[in-house]
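Report on the following structure.
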Amino acid sequence: MNNTTSISADKITSDLLPKPFGRPGKIWTSVLIVLCLIGGIAYFRQLQQGLVVTGMRDYASWGIYISNFVFFVAISLVGSLISAIFRLTNVGWSTPLTRIAEIIAVSAILFASLIIIVDMGRPERLFNLMLHGRLQSPIVWDVIVITTYLVLSLLFLYIPMLPDLPILIKKSKLGSGLNKMYSFLGSFWKGTQAQYKLSNKAVLIITIIIIPVALAIHTVTSWLFATTYRPGWDSTNFGAYFVSGAFLVGAGGVVVAMYVFRKAYKLEAYITERHFDRMGKILVMLALLYLYFNINEYLVPAFKMKKAEEHHLMGLFSGEFSMIFWSAILIGMVIPVIVLLFPKGRKPRTMFVMGLFVVVGAWFKRFLIVTPTLLSPFLPMYDVPENYMHYWPTWEEWSITVGSLAGALLIITLFARYFPIIPIHETIEESANNKIEQL
Amino acid sequence: MKQSAYFTIIIVVFLLSTVGRLHAQDENLQAPIRIALAYYQTDEALPLIKVTASTKKNKKFVPVPGAEVNLFINEETVEGFMGRVTTHDQGSASMTLPSKFKTRWDSLISFKFIGTVTGNKQFEDQAAEIELTKARITLSLTEEDSIRTIKASLHTYTDSGLVSVPETDLLLVVSRLLSDIGAGEEEFYTTDENGEVSIPFVYKFPGDGAGNILIGAKVEDHELYGNLKATQKIPWGSPMKADHSFAKRSLWATRDKTPIWLLIFPNLLIIGVWGTIIYLINLVLKIRKLGKTSDISNN
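Which chain is which? The protein sequence lines are Y and F, in order. For the first sequence, the working numbering begins at 752 and goes up steadily by one. For the second sequence, the working numbering begins at 604 and goes up steadily by one.
What follows is the structure in structure tokens.
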């Protein structure tokens, strides 16, 4: 439910139609493009010289690329939370958030696929995975489930957008490139009853099927770690732990995007304080849930403190990684919970800051899941160069990682430039229904 | 002018002579090389001569790879020339006595092998030799009342026939793929007045498919007899069953041996989900078709 009942259909259309970038939009997009280009140059260097340009060595063979991959997979889960779960449970107020959630999911999962290729020393050998992949390998399961989720997310973005496309065709300049693109995508949508029936059926099917697929993508990603016998990864809890963390970072990402789009496109009438308030409560619940799984993941092994686990756990609690560990726990979970428990904390600006906290905390949390374990092998590290015992990413790794994050943001930005970030037709329909209900 | 010309000639002559001396010194800068020969004889086979070449560098002996060593039996003549070997990276090389010498070698009781390095640009000429007396080990493996016994005897050849060799250390071993394992509790056993040693064999080693293992007795680095070894195959080991589990369907096998359950369930899921995706795409195509049909009917 939103406060659009008093707004006319024409006003809604003009408010929600994509608008050209203003000065801040142009600067923002340019910065993202520059970051992507720097990432591209760094990747070119990596292709030329090999993975030796990274800080990864024999022990820390997974660094920030894989952390970033897990982060992207996690944030993509938001598509199923906001769009599917809320839709199935008739959460009416989620309408303005569904498309934001879906485009975050699509861009994140797209860059998750790309970053995993970046992590390969010989990317051209990806083809061998298709030719010689073994179904026994969780990596093959991950490739299958990521591809499936990407296709489903694209369909989930596209099908509910069909009723908006004729509006975009009508409002765009006839014969322009944009007009042609909109026409290609949706000129066939006439809004007939038969078309609505089919599209509603399609949306319902995706809504149902995307939930297990979304859970599978993150569970399988957790199995990439949990199916190996290593301190910190050897856990039966990993699937649920990953899924709960993914829901949290996804919701945090949506909160940040809500605030930015609300500000940039002046959508205060559509993304209201009530939306922030409700998303704030959801964030508290998800942060507490993730905190619960974290306690399980760290407290139980720490209580037993098996010799092999000791180096890993002490590295996190009071050693090399303690600063990042406690910051991620505090910034990514504890502080948001405390702040968002109070109604004042659920105001848009505070929510934006807490959303950023959650997202940044979540990124570093993924790093903590991936790398410290690799630096705590069961067999002690003997007779290896000093730099093999630690991991610090090189500028190439940082550039590629930042470039990939910028790339995902660029997709979201460009999508919002050319497509309505809040569903126009659905909002008009909802407004009309509300009016009828009020009468 | 005349004086300076003489002076120039003297300098040129001096320089040329100096260069010439230096060149001559270069030629004489050949390093000393050390050659060592070792003699190995197993069962009734022709003996094998192992050559090791080393040189001193920084007060340490280091192996010399690529050194050509001429090998001779008994005399450094064309008749005694066995052949030439080239040392490998670890500085050693070996040669089995060529079969053309078999008759001659069979008739010998004492013999010597000579190794020479000649005409090498890097190293000085060098020669080494080993003198040996022919000996043989006889191995006897018996089993009585489930007691297995290894008995070995050492004899040397003399003009009056075979004579037993007492007070000599023999090693009793089980030959494995890469090295030998002791067949008894001691590292070696000393022959008695009859030149014999005897021990009970109590161990169970993995054997081949029929349980065969190779038991041996050997003399190592003896100054008179060199390295001798006698071996005998006997089914005193436990038959080995080859592990073919890699060829079975398992999580660690190749892709064509994926476990059936792992083929069925994930593929059912994949077919189910992708079937639904295809159905969804079909719905979109139907929506598209409906739109186009409506266009035509409106026109």
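Ideal Cβ placement from N, Cα and C applies to all residues, glycine included. Being a predicted model, the structure only gives us computed values, none of them experimental.
DSSP places Phe-716 (chain F) in the uninterrupted beta strand (DSSP E) bounded by 713-720. For the pair Phe-907 (chain Y) and Ser-858 (chain Y), the CB atoms are not nearer than the 8 Å cut-off.
Between Met-1105 (chain Y) and Pro-1094 (chain Y), the CB-CB gap reaches or exceeds 8 Å. A distance below 6 Å between beta-carbons, with the five flanking residues on each side excluded, links Ala-953 (chain Y) to the following residues of its chain, in chain order: Ile-910. Around Ser-848 (chain F), no beta-carbon contact reaches into chain Y at under 9 Å, the shortest distance being about 14 Å.
Against chain F, a Cβ distance below 7 Å from His-883 (chain Y) picks out Arg-858. For Pro-1087 (chain Y), the enclosing alpha helix (DSSP H) covers residues 1086-1091.
Ile-851 (chain Y) and Ile-836 (chain Y) have their C-alpha atoms roughly 15 Å apart.
Think of a sphere of 9 Å around the beta carbon of Lys-660 (chain F): no beta carbon from chain Y falls inside it, the nearest being about 26 Å out. Comparing alpha carbon positions, the residue from F:Leu-883, F:Gly-669, F:Leu-775 closest to Thr-899 (chain Y) is F:Leu-883. Under a 10 Å Cβ-count criterion, Ser-973 (chain Y) is classified as buried, with 16 or more other Cβ atoms of the shown protein chains found around its own Cβ.
Nearest to Val-776 (chain F) by C-alpha distance, out of F:Leu-765, F:Ala-755, F:Gly-764, is F:Ala-755.
For the pair Phe-976 (chain Y) and Phe-989 (chain Y), the CB atoms are nearer than the 8 Å cut-off.
Residues of the region 931-956 of chain Y with a C-beta less than 7 Å from any C-beta of chain F: Phe-939, Trp-940, Lys-941, Thr-943, Ala-945, Gln-946, Leu-949, Ser-950, Lys-952, Ala-953, Ile-956, listed in chain order.
The three-state secondary structure of His-691 (chain F), taken from DSSP, is coil.
By the neighbour-count criterion, in which a residue is buried when 16 or more other Cβ atoms sit within 10 angstroms of its Cβ, Tyr-1041 (chain Y) is buried. For the region 876-900 of chain Y, the set of residues with a beta-carbon nearer than 8 Å to any beta-carbon of chain F comprises His-883, Gly-884, Arg-885, Leu-886, Gln-887, Trp-892, Ile-895, Thr-899, in chain order. When DSSP states are grouped into helix, strand and coil, His-1141 (chain Y) belongs to the coil group.
Listed in chain order, the non-local C-beta contacts of Ala-967 (chain Y) below 7 Å within the same chain comprise Val-896, local neighbours out to five positions each way being set aside. Among the CB atoms of chain F, one or more fall inside 8 Å of the CB of Val-964 (chain Y). Contact of Leu-903 (chain Y) with chain F by beta-carbon distance below 7 Å involves Ile-880. Closest in alpha carbon position to Glu-1061 (chain Y), among Y:Thr-1124, Y:Val-804, Y:Thr-849, Y:His-1176, is Y:Thr-1124. Judged by their CB atoms, Gly-937 (chain Y) and His-1063 (chain Y) are not nearer to each other than the 8 Å cut-off. Assignment of beta-bridge partners to Ala-1159 (chain Y) by DSSP yields no partner. The beta-bridge partner set that DSSP reports for Arg-751 (chain F) consists of F:Glu-746. Rounded to the nearest angstrom, the gap between the Cα atoms of Gly-801 (chain Y) and Gly-814 (chain Y) is 15 Å. At a cut-off of 8 Å between C-beta atoms, Leu-861 (chain Y) does not count as an interface residue with respect to chain F. If you draw a straight line from the Cα of Asp-646 (chain F) to the Cα of Arg-739 (chain F), it is about 8 Å long.
Closest by C-alpha distance to Leu-765 (chain F), out of F:Glu-682, F:Thr-741, F:Val-800, is F:Thr-741. Counting every other CB atom within 10 Å of its CB across the protein chains shown gives Ser-702 (chain F) a total below 16, marking it as exposed. Scanning its chain for C-beta atoms nearer than 8 Å, with the 5 sequence neighbours on each side dropped, one finds around Glu-732 (chain F) the residues Leu-640, Lys-715, Phe-716, Ile-717, Gly-718, in chain order.
When the beta-carbon positions are compared, Gly-1112 (chain Y) and Ala-1159 (chain Y) stay at least 8 Å from each other. In the same chain as Leu-1107 (chain Y), and ignoring 5 residues on each side of it, the C-beta atoms closer than 7 Å to its own belong to Val-1007, in chain order.
Straight-line spacing of the CA atoms in Asn-1184 (chain Y) and His-883 (chain Y) works out to 55 Å. Under the criterion of beta carbons closer than 8 Å, His-758 (chain F) and Gly-798 (chain F) qualify as touching, at roughly 6 Å.
The C-beta of Lys-889 (chain F) comes closer than 8 Å to at least one C-beta of chain Y.
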